[in-house]
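Residue numbers (this note's numbering): 3 to 575.
Now the structure itself:
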């Protein structure tokens, strides 16, 4: 057990050493030379029998080492599995930073240094062993070739009877001594012939025995070579399997550590997932609140837009009403001016009409009197002629005696005879009639432009020679329309005032909504910035916590493994 097995320290990915028995293999050549893997020292040469005995001994030792190694490895696996569960326990905060950590770290560094030195020595021994194996293989090949060439040559076959005779002499010493003692009796022919025959028979038998022996020896050597090759291959395969086994054990330990780390990471990820889910719920709640606020702001903005549109419509209506009122005022002013002009023209026309009627009456009276005077031979004297002083001139055609008023009218017509003056008066009359027609046409045009105003006039008012009552009614209608327009104007001004107040109120609401929207945007930006800041702080805190937990778990595992190694050493001592 102590020749084939030594304590071999392995390590996991954290650098902690563990004691585990390992098999140190030996290699044998065809002549029985033992080569140690670590030292490479030749011990002794053995024969075929010793080689077989040593092979059986090695097989028994290998089986014992294998079972011991399996048992120890299972115990170590159970110990590591037991430490895994305890490794997940978190140590309290008060035991994290203590003097024991420094001692453990120094012990771990020393163990790692020793482990590195052992690894270097093991690698050097492995190189030496491989070089020795190559050299032995070359020597074995050369020796086998040499022996095969020696046995294949005929000289060696001729030399074998001498060797066989010597061996025969050594084996059958009594017969040879008897033959040498009886050399003196050689002259007996029968005895000599029988002895010679026996000698030749013995020689033939010896040659046959030697041939069979050499054949068996040759077959034994060939089988020995095959066995050595198989044994060598088996040893190399065993060494390779042992190395693979060590690598696989190391990989298993590494994978166990990786699984532990992955479990820890999974637990951390679950915890982070829970935190993130809670944070997501909070963010969803805040998002719903902000969406509700946003909807309220959108509703306020929509109402603001509607109010702005209404105010714009009211403003357009107000502008239209103001323009209509202004047009109505201009129309009323123009109508007032027109009515005043018509009234003045009516008064003037009334005066002219009265004068014309008077002149017509006087002219008719004068004509009647003139006719009567011509019939009776009288001269008409004006009414205002004092004392009846009349120039008794001869009456000529075209000269007429008229009254004083008619004379004033004729004097206003200008100088000239009476017919010229009357013609002038007729022309003035025609001019006045044409002006009246023009004014009527203009009045009709204005009535067509303003049918509402024209509807107030009656047919009697449109007559040329209407009375004052018609004009009074027309003036009343115009005054009534003016009062209505004034009332409409005042009402429009009141509506304009209310609209201006509504516009001011809506502008105030819009400004308040804008201020509230700006404040909400500022608050939202501040909340987003604070959220990002809190998320960064949360990530940094989680990273620090994860690092400290990993450090704590690493230290706890190292402590447990050191305790396990110490307990194992104490149990071995």
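Here a beta-carbon is modelled for each residue, glycine too, at the ideal position from N, C-alpha and C.
Roughly how many whole angstroms lie between the Cα atoms of residue i and residue j?
| i | j | result |
| --- | --- | --- |
| residue 22 | residue 138 | Because the pLDDT of residue 22 is 39, which lies under 50, any placement of that residue in the model is unreliable, and the number read from its coordinates should be weighed accordingly. Taking the straight line from one Cα to the other gives about 31 angstroms. |
| residue 356 | residue 427 | 14 angstroms |
| residue 354 | residue 430 | 10 angstroms |
| residue 447 | residue 500 | 38 angstroms |
| residue 532 | residue 103 | 40 angstroms |
| residue 309 | residue 534 | 39 angstroms |
| residue 214 | residue 206 | 12 angstroms |
| residue 36 | residue 569 | Residue confidence for residue 36 is low, a pLDDT of 37 falling below 50, so the modelled location carries little weight; the figure read from the coordinates is stated next. Computed Cα separation, rounded: 36 angstroms. |
| residue 483 | residue 333 | 11 angstroms |
| residue 364 | residue 422 | 18 angstroms |
| residue 540 | residue 246 | 46 angstroms |
| residue 556 | residue 543 | 20 angstroms |
| residue 519 | residue 311 | 20 angstroms |
| residue 276 | residue 285 | 14 angstroms |
| residue 292 | residue 496 | 43 angstroms |
| residue 273 | residue 267 | 10 angstroms |
| residue 440 | residue 369 | 35 angstroms |
| residue 444 | residue 344 | 12 angstroms |
| residue 242 | residue 208 | 49 angstroms |
| residue 127 | residue 204 | 56 angstroms |
| residue 474 | residue 335 | 18 angstroms |
| residue 527 | residue 517 | 15 angstroms |
| residue 510 | residue 305 | 13 angstroms |
| residue 558 | residue 132 | 41 angstroms |
| residue 319 | residue 524 | 39 angstroms |
| residue 515 | residue 297 | 13 angstroms |
| residue 256 | residue 249 | 10 angstroms |
| residue 553 | residue 562 | 14 angstroms |
| residue 217 | residue 574 | 55 angstroms |
| residue 117 | residue 258 | 21 angstroms |
| residue 545 | residue 134 | 54 angstroms |
| residue 271 | residue 129 | 47 angstroms |
| residue 112 | residue 254 | 25 angstroms |
Below 8 angstroms CB to CB, which residues in the same chain sit around residue i once its five sequence neighbours on both sides are set aside?
| i | result |
| --- | --- |
| residue 352 | none |
| residue 324 | 494 and 498 |
| residue 331 | 487 and 491 |
| residue 288 | 529 |
| residue 327 | 487, 490, 491 and 494 |
| residue 228 | none |
| residue 317 | 501 and 505 |
Sorted by chain position, which residues of the same chain lie with C-beta nearer than 6 angstroms to residue i's C-beta, five sequence neighbours on each side aside?
| i | result |
| --- | --- |
| residue 235 | none |
| residue 299 | 519 |
| residue 434 | none |
| residue 167 | Low per-residue confidence applies at residue 167: pLDDT is 42, beneath 50, and the placement is therefore not dependable, though the value from the model is reported in the following sentence. No residues qualify anywhere along the chain. |
| residue 226 | none |
Can you tell me which of the three DSSP states residue i falls into?
| i | result |
| --- | --- |
| residue 567 | helix |
| residue 29 | Only weak support exists for where residue 29 lies, its pLDDT of 39 falling under 50; the coordinates are left without a value. |
| residue 557 | helix |
What runs of the alpha helix (DSSP H), each 4 residues or longer, lie entirely inside the segment 260–285? You should have found no qualifying run.
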